[in-house]
Amino acid sequence: MADSRVAFLKVSWANVLLNTLKIGVEGSLGLLTGSLALTADAAHSVADLLASGVVLIWGRSAFDDADDSHPHGHNRFEPLSALFVGGVLILLGLKLLYDAGHSVLTGVSAEYSIWLVLGLLFALGDMYLCYWYTQDKNQELQLPSLRALAADSLNDLYTTGAALVGVLGMAVGYPIFDPIAGGIVSLLVIHQGVDISRENIQYLADSAPPKSEREEIKRQIREHSAVHGIHDFVAYYSGHMVEVEFHAEVDRDLTVVEAHDLESDLRHRVREVDSVSDVHVHLDPAGLGEWKDATES
Numbered sequence: 124m125a126d127s128r129v130a131f132l133k134v135s136w137a138n139v140l141l142n143t144l145k146i147g148v149e150g151s152l153g154l155l156t157g158s159l160a161l162t163a164d165a166a167h168s169v170a171d172l173l174a175s176g177v178v179l180i181w182g183r184s185a186f187d188d189a190d191d192s193h194p195h196g197h198n199r200f201e202p203l204s205a206l207f208v209g210g211v212l213i214l215l216g217l218k219l220l221y222d223a224g225h226s227v228l229t230g231v232s233a234e235y236s237i238w239l240v241l242g243l244l245f246a247l248g249d250m251y252l253c254y255w256y257t258q259d260k261n262q263e264l265q266l267p268s269l270r271a272l273a274a275d276s277l278n279d280l281y282t283t284g285a286a287l288v289g290v291l292g293m294a295v296g297y298p299i300f301d302p303i304a305g306g307i308v309s310l311l312v313i314h315q316g317v318d319i320s321r322e323n324i325q326y327l328a329d330s331a332p333p334k335s336e337r338e339e340i341k342r343q344i345r346e347h348s349a350v351h352g353i354h355d356f357v358a359y360y361s362g363h364m365v366e367v368e369f370h371a372e373v374d375r376d377l378t379v380v381e382a383h384d385l386e387s388d389l390r391h392r393v394r395e396v397d398s399v400s401d402v403h404v405h406l407d408p409a410g411l412g413e414w415k416d417a418t419e420s
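Okay, so the sequence shown: first residue is 124 according to the working numbering, each after it adds one.
Encoded structure:
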């Protein structure tokens with residue numbers, strides 16, 4: 124857990140610093156040249172910086188141990204911070220779409236400069252490094268907030284690429300390329316924000332995991348030689364992790380010690396499923412036949 128927390132903090136800080144660097148370069152060039160493309164892309168990165176900061180502050184709480192105020196731990200801080208990123212993306216995409224439409228109607232007054240191209244090439248390299256590093260580290264961590272930040276960095280590549288197309292359009296005498304490309308990319312940003320938000324609302328609403336995952340958990344239980352059947356099975360998200368509750372039907376002649384050892388063994392088997400964080404087991408004597416939803420193993 125400690126190593127995961129350190130890795131999470133490194134990735135979060137990298138996102139904050141790389142977005143800050145991108146804002147500094149693009150914002151300065153945008154203000155000096157009057158380029159709408161660079162100014163808009165810098166504004167995009169301000170939203171990214173805000174999202175990265177929220178993930179850094181809120182997301183690290185997911186690694187804190189359970190305490191009196193959070194007896195089930197802090198898993199929900201992870202999807203909560205990711206949901207914020209998704210909301211920022213949706214609002215940002217709508218703003219970019221509006222700006223693109225306004226630019227098409229009113230025209231673009233900025234003039235081409237080679238510094239615009241150099242600034243955007245720098246921004247592309249900066250965001251690719253951010254995307255690659257976040258994606259690479261999250262292969263092991265598997266955190267939704269970092270997945271959201273990686274998606275945000277990927278969107279930055281699209282928006283910066285669109286800004287580059289617009290600047291190159293100015294270079295060859297077609298400044299209209301800028302708002303058209305920006306409008307297309309803004310739709311991609313909105314789509315990505317909706318996907319991230321939908322996923323993390325599911326985590327926060329205690330929704331059930333996919334059926335395939337539930338069946339894998341049930342298989343782990345049924346394959347135990349001491350289990351005759353299971354009933355009252357429930358699996359639900361607690362944050363981005365899964366909690367499991369079930370009743371297992373077992374021999375009625377087990378001693379207290381044998382029942383304790385069996386319960387511990389079942390908890391261990393179920394927690395071998397990567398997404399499972401906690402397991403609640405109730406042992407029932409087999410053969411009573413009073414549970415309509417009982418399933419024989």
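Built from N, CA and C at the ideal position, the CB exists for glycine as well.
In this text the structure is predicted, and so the values were computed from the model without any measurement.
Practice problem: Can you give me the start and stop residues for the beta strand (DSSP E) that A246 sits inside? | Solution: Reading the sequence shown from its first residue, position 123 is the one you call residue 246. Counting along the chain, A246 falls outside any beta strand (DSSP E), though it belongs to the alpha helix (DSSP H) covering 237-264.
Quiz prompt | Distance, S276 Cα to R128 Cα | solution = The residue given as residue 128 occupies position 5 in the sequence shown. The residue given as residue 276 occupies position 153 in the sequence shown. Take the alpha-carbon of R128 and the one of S276: they are about 21 Å apart.
Quiz item: Quick one: any contact between the region 330-349 and the region 391-406, if contact means 3 or more CB pairs under 8 Å?
Solution: Result yes; three or more Cβ-Cβ pairs closer than 8 Å.
Self-check item: Classification of P194 by the beta-carbon crowding that lies within 10 angstroms, buried from 16 upward
Solution: Along the sequence shown, read from residue 1 onward, the residue named residue 194 stands at position 71. For P194, the predicted model reports a pLDDT of 46, less than 50, meaning its position is unreliable; a value from the coordinates is still stated below. Classification of P194: exposed, given that the 10 Å Cβ count is below 16.
Self-check item: Under 7 Å between C-beta atoms of A170 and E149
Solution: If you number the sequence shown from 1, residue 170 lands on position 47. If you number the sequence shown from 1, residue 149 lands on position 26. No. Outside cutoff.
Quiz item: Where does D374 fall in DSSP's three states?
Solution: Along the sequence shown, one-based indexing puts residue 374 at 251. The answer is coil: DSSP assigns D374 none of H, G, I, E or B.
Quiz item: Would you say Y254 and A273 are within 7 Å of each other, going by their C-beta atoms?
Solution: Stepping through the sequence shown from its first residue, residue 254 is reached at position 131. Stepping through the sequence shown from its first residue, residue 273 is reached at position 150. Against a cut-off of 7 Å, the Cβ pair of A273 and Y254 comes out as a contact.
Practice problem: Can you have a look at W136 and say buried or exposed, based on whether 16 or more other CB atoms are within 10 angstroms of its CB? | Solution: As a working note, residue 136 is residue 13 in the sequence shown. W136 comes out exposed.
Self-check item: Nearest neighbour of L173, chosen from G157, V208, T156 [CA to CA]
Solution: Here residue 173 corresponds to residue number 50 of the sequence shown, with the count starting at 1. Checked all of G157, V208, T156; the closest Cα to L173 is V208.
Self-check item: Contact set for E419: own chain, Cβ-Cβ below 6 Å, skip 5 residues either direction
Solution: Residue numbering aside, residue 419 sits at position 296 when the sequence shown is read from its first letter. Interpretation of E419 is limited by its pLDDT of 47, a score under 50 that renders its predicted location unreliable; the figure taken from the coordinates is listed afterwards. Here the set comprises G352.
Quiz item: Measuring CA to CA, which of Q315, S309, E234, Q262 is closest to A285?
Solution: For the purposes of this step, residue 285 is taken as residue 162 along the sequence shown, with counting starting at 1. Among Q315, S309, E234, Q262, the Cα nearest to that of A285 belongs to S309.
Practice problem: Helix, strand or coil for G352, going by three-state DSSP, please let me know. | Solution: Position 229 of the sequence shown holds residue 352. Note: G352 maps to strand in three-state DSSP.
Practice problem: Could you please give the first and the last residue of the uninterrupted beta strand (DSSP E) stretch that includes V404? | Solution: For this step, residue 404 is matched to residue 281 along the sequence shown. Its beta strand (DSSP E) spans residues 399-408.
Quiz item: According to DSSP, is S88 helix, strand or coil?
Solution: A query on residue 88 cannot be resolved here, the shown segment of the chain reaching from 124 to 420 and no further.
Self-check item: DSSP three-state assignment for Y297, whether helix, strand or coil
Solution: Position 174 of the sequence shown, counting from 1, holds the residue named residue 297. Here Y297 sits in coil by DSSP.
Quiz item: Helix, strand or coil for S436 per DSSP?
Solution: With the chain covering only 124 through 420, there is no way to say anything about residue 436.
Practice problem: Could you tell me the boundaries of the alpha helix (DSSP H) in which S330 lies? | Solution: Numbered from 1 along the sequence shown, position 207 holds the residue referred to as residue 330. Element bounds for S330: n/a, residue is neither H nor E.
Quiz prompt | Closest by C-alpha distance to E339, when choosing among L228, S151, V365, Y251 | solution = Start at 1 with the first residue of the sequence shown, and residue 339 comes out as number 216. When each option's Cα is compared against that of E339, the closest is V365.
Exercise. Label R270 either buried or exposed according to how many other C-beta atoms from any shown protein chain fall within 10 Å of its C-beta, with 16 as the threshold for buried.
Key: Here residue 270 is taken as the residue at index 147 of the sequence shown, counted from 1. It counts as buried.
Exercise. Could you check what DSSP says for V396 in three-state terms: helix, strand or coil?
Key: As a position in the sequence shown, residue 396 is number 273, starting the count at 1. Residue state, collapsed to three classes: coil.
Practice problem: Check E368 in the structure and name its three-state DSSP category. | Solution: Here residue 368 refers to the residue found at position 245 of the sequence shown. In the structure shown, E368 sits in a strand (DSSP, three-state: E or B).
Quiz item: The alpha helix (DSSP H) spanning E234 covers which residue range?
Solution: Here residue 234 is taken as the residue at index 111 of the sequence shown, counted from 1. Bounds of any alpha helix (DSSP H) do not take in E234, whose DSSP letter is neither H nor E.
Quiz prompt | Per DSSP, the bridge partner or partners of Y359 | solution = For the purposes of this step, residue 359 is taken as the residue at position 236 of the sequence shown. Note: Y359 sits in a beta bridge opposite E366.
Quiz item: With distances taken between CB atoms, is the gap from T283 to L247 smaller than 7 Å?
Solution: By 1-based counting over the sequence shown, the position of residue 283 is 160. By 1-based counting over the sequence shown, the position of residue 247 is 124. It is a contact, given that the beta carbons lie within the stated cut-off.
Practice problem: With DSSP collapsed to three states, give me the class of H225. | Solution: Along the sequence shown, one-based indexing puts residue 225 at 102. Here H225 sits in helix by DSSP.
Quiz prompt | Distance between V373 and I319 (C-alpha atoms, nearest Å) | solution = The sequence position of residue 319 within the sequence shown is 196, counting from 1. The sequence position of residue 373 within the sequence shown is 250, counting from 1. About 42 Å.
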